[in-house]
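**Q**
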Amino acid sequence: MASVKKLILASQSPFRRALLSAAGLEFEAAAAPIDEYTIHGDTPGVQASRRAEAKAMAVAAMHPDAMVVGADQVLSFEDLTFDKAPDVATARERLQALAGRTHYLHSAFALAYGNRGDTPVIVHSERVDVGMTMRPLSDYEIEAYLATGEWRGSVGCYQYENKGVHLFSSVNGDQSAIIGLPLLPLLAKLRQVGINALLQSSPPWTLKP
């Protein structure tokens, strides 16, 4: 059977790294050498899945004995799709639009195996959608939140795992998917292919068919 000599998270996100680290798995992190903003889809969810798969495949191509986790998140609001805000003015407009309304986070992950030097293969791809309802926000509250700097690097211009939680009245879905990595389905699939942190947290792992 094939051996998995390392687990790689194809992301530089500190929040995704923290989630996977807390699960007790030994892994490396590496940025995927792709321009994700050139990858689109018919729907926000499809777009997130395609980007996650592309990230996983790009890193797996450089690591033939690795299992690679790619992840991506896209926000949809009414008929709009949001990527990360480029500046504070855009972040302000976005929070003003989202305040008092419901939007959706589409968080996708993909597993790619380096395939021992052959063409990498996608082992699994999955997406979790989460409904996020913001409470009405005053201009003062929006400005106070922008001043924290947490709008940077987030598709929704907030960090739910930090002070951004104060912006919401309710959420409907997986908390880890909100942060950007659907942990429960990811760990379930890793166990299915032979990577179980409870039994063996460090590589090498034997890849199950």
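Take the sequence shown: its letters are residues 1127 to 1335, numbered as in our numbering. Positions of the beta carbon are idealized from the N, C-alpha and C atoms, including for glycine.
Specify the secondary structure class of residue 1292 as computed by DSSP and reduced to three states.
**A** DSSP places residue 1292 in helix when its eight states are reduced to three.
**Q** Could you give the DSSP three-state label for residue 1334: helix, strand or coil?
**A** Note: residue 1334 maps to coil in three-state DSSP.
**Q** The beta strand (DSSP E) spanning residue 1188 covers which residue range?
**A** Note, residue 1188: premise wrong, no beta strand (DSSP E); not H, not E.
**Q** So, with DSSP's three-state summary, where would you put residue 1171?
**A** Reduced to three states, the DSSP call for residue 1171 is helix.
**Q** For the stretch 1259 to 1306, which segments carrying the alpha helix (DSSP H) assignment without a break, of at least 4 residues, lie completely within its bounds, in sequence order?
**A** You should have 1265 to 1272, 1301 to 1305.
**Q** Three-state secondary structure (DSSP) at residue 1199?
**A** In the structure shown, residue 1199 sits in a strand (DSSP, three-state: E or B).
**Q** Using 10 angstroms around the beta-carbon of residue 1289, count the other beta-carbons present and answer buried if the total reaches 16, otherwise exposed.
**A** The residue is exposed, with fewer than 16 neighbouring Cβ atoms inside 10 Å.
**Q** Give the DSSP-derived three-state secondary structure of residue 1131 in the structure shown.
**A** Three-state result, residue 1131: coil.
**Q** Within 10 angstroms of the Cβ of residue 1281, are there 16 or more other Cβ atoms? Answer buried if so, exposed if not.
**A** Under this definition residue 1281 is a buried residue.
**Q** Okay, do the stretch 1157 to 1176 and the stretch 1319 to 1333 touch, 3+ Cβ pairs below 8 Å being the bar?
**A** Touching, no, given that fewer than three Cβ pairs across the two stretches are closer than 8 Å.
**Q** So if DSSP puts residue 1257 in a beta bridge, which residue, or which two residues, is it bridged to?
**A** DSSP, once it has assigned bridges, lists 1230, 1298 as partnering residue 1257.
**Q** Below 8 Å on the Cβ atoms is my contact criterion, and I expect residue 1257 with residue 1298 to pass it. Report the Cβ-Cβ distance as a whole number of Å.
**A** Right, the Cβ-Cβ distance comes to about 4 Å (below 8 Å), so this counts as a contact.
**Q** Using a 10 Å radius around the Cβ and a threshold of 16 neighbouring Cβ atoms, would you call residue 1334 buried or exposed?
**A** It counts as exposed.
**Q** Enumerate in chain order the residues of its own chain whose CB-to-CB distance from residue 1315 is below 8 Å, with the five nearest sequence positions on each side excluded.
**A** Excluding sequence neighbours, residue 1315 sits near 1237, 1249, 1250, 1252.
**Q** Whole-angstrom Cβ separation of residue 1192 and residue 1134, contact assumed at under 8 Å?
**A** That pair is a contact at about 5 Å.
**Q** How is residue 1179 classed by DSSP in three states: helix, strand or coil?
**A** Note: residue 1179 maps to helix in three-state DSSP.
**Q** Taking its Cβ as the centre, do 16 or more other Cβ atoms sit within 10 Å of residue 1177, making it buried, or is it exposed?
**A** The residue in question, residue 1177, is buried, as its Cβ has 16 or more Cβ neighbours within 10 Å.
**Q** Could you give the first and the last residue of the continuous beta strand (DSSP E) run that contains residue 1208?
**A** Here the beta strand (DSSP E) through residue 1208 covers 1206 to 1208.
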